[in-house]
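The C-terminal residue of the sequence shown carries number 249 in our numbering, and the numbering is unbroken. Ideal Cβ positions, reconstructed from N, Cα and C, are used throughout, including at glycine. Treat the numbers as computed from the prediction; the structure is a model and nothing was measured.
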Amino acid sequence: MNIILLGPPGAGKGTQARLLEEKYGMVQLSTGDMLRASIKRGEPLGLEAKKLMDEGRLVPDDLMIRMIEDRIQQADCQKGFILDGFPRTVKQAEALDAMLDRHHKNLDAVVELKVDEDALVERVTGRFTCAKCGAGYHSNFKPTKVEGICDNCGSAEFVCRPDDNPETMKTRLKAFHEQTAPILPYYREKGLLKSVDGMASMVNVQQSIEAVLKSLRKG
Ligand code: AMP
């Protein structure tokens with residue numbers, strides 16, 4: 031099964047994608063993570079993207095489309111994938127349709143995480159991850175069990191994303207409204223759009239997404 035998780039920054043797409051990955055073996059394809067990995071490796075593509083990402087603006091469509099087309103052809107994606115952060119424009123959505131056709135793959139659903147935008151800045155500005163294993167935390171909603179120590183690997187080093195700050199969030203939300211939200215009607219017309227309440231607890235959001243997946247298996 032191949033799905034898209036759609037929602038503004040901070041809606042919980044990454045968290046939910048990782049939960050689905052663990053439980054169902056579907057692969058999380060996060061274009062944001064791919065770009066951050068490319069920056070870390072010092073690749074020209076990452077360096078080209080970094081300035082835009084730090085400003086909260088979108089990276090050019092062509093780069094993102096190529097990145098995803100390369101990725102979905104890899105062997106691990108045969109089990110199914112969860113697109114997290116792609117597509118982000120109508121052009122990317124159209125390109126995704128064409129590439130899925132070319133590679134004889136289907137899109138089963140687009141799950142929209144509906145959230146109250148006033149809560150997003152708080153959600154995003156408290157996020158931090160373990161520098162060693164990448165486990166994700168939040169200073170208010172999901173702190174480490176022992177202060178300053180990663181629950182997962184015991185490391186004491188943490189990092190915050192440079193774009194997780196209130197100023198950049200304004201630009202990211204603007205990009206969502208102006209460039210990404212128009213893909214909602216695009217998928218609604220295709221009968222693929224399913225909406226879930228993204229403000230519920232992490233477990234309840236997960237259950238709602240799983241209910242969507244179950245209904246698709248039956249149908
Ligand atoms: P994310 O981790 O999904 O919040 O993405 C972080 C940043 O990476 C975004 O603010 C964009 O600058 C860039 N980015 C990630 N995915 C895309 C995409 N599909 N199209 C354009 N830019 C993207």
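Beta-carbon proximity of residue i to residue j, cut-off 8 Å
i: M97; j: T61; result: yes
i: R191; j: G40; result: no
i: I213; j: A123; result: yes
i: T155; j: P196; result: yes
i: E147; j: P38; result: yes
i: E22; j: L50; result: Since the displayed the chain opens at 31 and closes at 249, residue 22 lies outside it and no answer follows.
Beta strand (DSSP E) segment containing residue i, residue limits
i: T210; result: Neither: T210 is in no beta strand (DSSP E) and is coded neither H nor E.
i: A139; result: A139 to K144
Residue i CB to nearest heavy atom of ligand 1 below 7 Å
i: G42; result: no
i: V89; result: yes
i: Q122; result: yes
i: S68; result: no
i: T45; result: no
i: L75; result: no
i: M83; result: yes
i: R101; result: no
i: S169; result: no
i: D92; result: no
Whole-number beta carbon distance between residue j and residue i, since they are thought to touch under 8 Å
i: S68; j: G76; result: 3 Å
i: M232; j: V145; result: In fact, because the Cβ distance is near 13 Å, the residues do not count as touching under 8 Å.
i: A125; j: I95; result: 4 Å
i: Q46; j: Q237; result: That pair is no contact at about 11 Å.
Terminal residues of the alpha helix (DSSP H) in which residue i lies
i: A41; result: First-last for A41: undefined, no H or E at that position.
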